[in-house]
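Student: Can you keep this structure in mind? I'll have questions shortly.
Residue numbers (our numbering): 7 to 166.
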């Protein structure tokens, strides 16, 4: 009796995968191998590498830039002025750099002032205690500790 018959539309598994599956379970050969010596380390490595190969074949690796120290007063206008200041610096235009720096300084001052007024307004409104505590946590830089969840794709490699 053939236990590993392919269903219509299925592809034949690779030789490596069939070898690993056969050695670990003995099912694909149609017989159990209770006396066979199995090098578990070798087969674990084989299965892990096969899974990694499948992941590499199917997925695309992409680099994502994150900015962890984003200030709460940072606005889209300030970011745009930062880009214009940096481009003026790269261009080497001293006059444009001077005006870009001045505009950026004014925009940062205004953004900080607006942010401070917004927080102050939340403290004046005594009816919204939830927002008041959120602002208190923001001012004191209080961060709740979240449970670390290791969702790394290389977990099987780490378990060796």
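Where is the CB? At the ideal position from N, CA and C, for every residue including glycine.
As the structure is a computational prediction, the values presented were derived from the model and not from experiment.
1) If we call anything under 8 angstroms between Cβ atoms a contact, is residue 117 one with residue 84?
2) Distance check for residue 122 and residue 87, CA to CA, integer angstroms please.
3) Whose C-alpha, out of 52, 70, 112, is nearest the C-alpha of residue 81?
4) Please work out which residues of its chain come closer than 7 angstroms, Cβ to Cβ, to residue 114, disregarding the five sequence neighbours upstream and downstream, and give them in chain order.
5) Residue 130 lies in the alpha helix (DSSP H); which residues open and close that run?
6) Thinking residue 128 and residue 137 are a contact (beta carbons under 8 angstroms), I'd like their distance in whole angstroms, please.
7) Measuring only the C-alpha atoms, how far is residue 40 from residue 67?
8) Helix, strand or coil, according to DSSP, for residue 69 in the structure here?
9) For residue 3 and residue 91, what's the separation of their Cα atoms in angstroms?
Tutor: In short:
1) Numbered from 1 along the chain shown, position 111 holds the residue referred to as residue 117. Numbered from 1 along the chain shown, position 78 holds the residue referred to as residue 84. Yes.
2) For the purposes of this step, residue 87 is identified with residue 81 of the chain shown, where counting begins at 1. For the purposes of this step, residue 122 is identified with residue 116 of the chain shown, where counting begins at 1. Whole-angstrom Cα-Cα distance: 21 angstroms.
3) Within the chain shown, the letter at position 75 stands for residue 81. Of all alpha-carbon atoms in 52, 70, 112, the one lying nearest the alpha-carbon of residue 81 is that of 112.
4) By one-based count along the chain shown, residue 114 stands at place 108. For residue 114, the CB contacts under 7 angstroms within the same chain, skipping 5 residues up- and downstream, are 84 in chain order.
5) Taking the chain shown and counting its residues from 1, the one referred to as residue 130 is at position 124. Annotation: the continuous alpha helix (DSSP H) that includes residue 130 extends over 100 to 130.
6) The residue labelled residue 128 in the question sits at position 122 within the chain shown. The residue labelled residue 137 in the question sits at position 131 within the chain shown. A Cβ-Cβ distance of about 5 angstroms is found for the pair residue 128 and residue 137, placing them in contact under the 8 angstroms criterion.
7) Locating residue 40 in the chain shown gives position 34, where the first residue counts as 1. Locating residue 67 in the chain shown gives position 61, where the first residue counts as 1. Bear in mind that the predicted position of residue 40 carries a pLDDT of just 49, short of 50, making it too unreliable to give a figure here.
8) Here residue 69 refers to the residue found at position 63 when the chain shown is read from its first residue. Secondary structure at residue 69: coil, using DSSP grouped into helix, strand and coil.
9) Nothing can be reported for residue 3: it is not among the residues displayed for the chain, which extend from 7 to 166.
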